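Engineer:
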Amino acid sequence: MREFLVREANVPQHPITVRLEIPLAPAGRKPAVIALLGENDALRAAGAIVVSFIDWSAKPPPPPAENTAGKWVLASPSAAVLGREYLRSIARTANEVIPRVVDYLVTLPEIDPGRIGMTGSSTNGFITLQAVAADGRLSAAVAVAACGDHLRFLRFSSMGMAGQPLQLDPEYERWLHGQEPIRHSERLVHAALLVVNRVDDPLIPISSAESTAHVLERAYARAGVPERFRFVRTQESGHGVGKAEGEEALAWLRRWLLEPRR
107 MREFLVREAN VPQHPITVRL EIPLAPAGRK PAVIALLGEN DALRAAGAIV
157 VSFIDWSAKP PPPPAENTAG KWVLASPSAA VLGREYLRSI ARTANEVIPR
207 VVDYLVTLPE IDPGRIGMTG SSTNGFITLQ AVAADGRLSA AVAVAACGDH
257 LRFLRFSSMG MAGQPLQLDP EYERWLHGQE PIRHSERLVH AALLVVNRVD
307 DPLIPISSAE STAHVLERAY ARAGVPERFR FVRTQESGHG VGKAEGEEAL
357 AWLRRWLLEP RR
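The numbering used here puts the sequence shown at residues 107 to 368.
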């Protein structure tokens with residue numbers, strides 16, 4: 107394992123602590139990855155600075171209500187607000203916290219500001235997709251076991267309506283429309299984006315991933331950069347990240363972020 111330096115710092119004027127794992131080589135400015143997927147050793151070995159953070163202002167989840175709809179993270183007091191607290195938390199992190207982290211990263215002499223990426227799976231995969239839409243400085247990203255079609259996710263996930271029709275509160279549904287990456291796909295095409303999903307994941311149904319990919323493929327084609335989007339289906343069952351997902355992620359980052367720009 108290569109040696110690396112660890113640095114922690116507070117983001118000025120924001121209650122966020124950033125941790126950097128800085129490889130000693132190569133010399134000069136390096137790519138940085140906000141790594142919420144793992145693979146830290148491999149990223150450092152490839153010469154990337156691994157970034158993690160703590161948002162001290164994040165509120166703990168409210169005490170569980172007498173939920174009548176959804177399970178686990180989507181458990182809600184009614185079907186009308188299914189998953190609202192969960193998706194609000196994702197949106198807050200993506201739209202407010204990640205840009206502040208990037209604000210700090212671009213000030214550091216060790217980091218190449220043109221090579222900042224992000225990875226995440228499950229909840230962090232949702233955050234990654236929305237963060238790419240929120241911040242054009244993220245030049246490459248990997249989202250695993252997540253999707254950008256929130257309505258289909260809520261309807262077909264085993265945590266949500268499990269296939270039954272949605273009956274969302276109109277105000278909540280309008281808010282979702284403003285957050286869903288598939289409804290604002292043009293905001294993502296600045297980044298080289300990899301989306302990886304398992305074909306048999308009951309929490310993130312493959313249909314919600316495929317609908318996301320369909321919209322993004324068209325958006326990247328319209329932007330004239332179809333090669334900068336890739337959608338991969340893996341054959342493993344269940345919800346998680348395994349060897350196949352890790353290999354796909356690292357290969358994508360090597361291609362679009364870790365290699366020096368020419």
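We treat Cβ as the ideally placed atom computed from N, Cα and C, and that holds for glycine.
As the structure is a prediction and not an experimental result, all values here were calculated from the model.
1. Give the single residue among Glu316, Ala186, Ala319, Gly231 whose Cα lies nearest to the Cα of Leu272.
2. Going by C-alpha distance, which of Asp275, Trp362, Ile312, Ala355 is nearest Gly344?
3. Smallest Cα separation from Ala133: which of Gly352, Glu354, Ile155?
4. Would you kindly work out how many angstroms separate the C-alpha atoms of Ser245 and Arg339, rounded to a whole number?
5. Using only the heavy atoms of the ligand HEM, determine whether one of them is closer than 7 angstroms to the beta carbon of Ala151.
6. Taking the straight line between their C-alpha atoms, what separation do you get for Gly284 and Trp358?
7. Report yes if the C-beta distance between Lys136 and Gly153 is below 8 angstroms; otherwise report no.
8. So for Ala115, helix, strand or coil by DSSP?
9. Looking only at its own chain, which residues have a Cβ that is under 6 angstroms from the Cβ of Thr229, when we skip the five neighbours before and after it?
10. Determine the DSSP secondary structure at Thr225, reduced to helix, strand or coil.
11. Cα-Cα, which of Ile122, Val295, Ser227, Pro366 is closest to Asp161?
12. Are the stretch 206–226 and the stretch 260–275 touching, with three or more C-beta to C-beta distances below 8 angstroms?
Structural biologist: Per the coordinate set shown:
1. Ala186
2. Ile312
3. Ile155
4. The straight-line gap from Cα to Cα measures roughly 23 angstroms.
5. For the structure depicted, the ligand HEM is absent and the ligand set is empty, with no information on it obtainable.
6. Gly284 and Trp358: Cα-Cα distance of roughly 29 angstroms.
7. yes
8. strand
9. none
10. strand
11. Ile122
12. no
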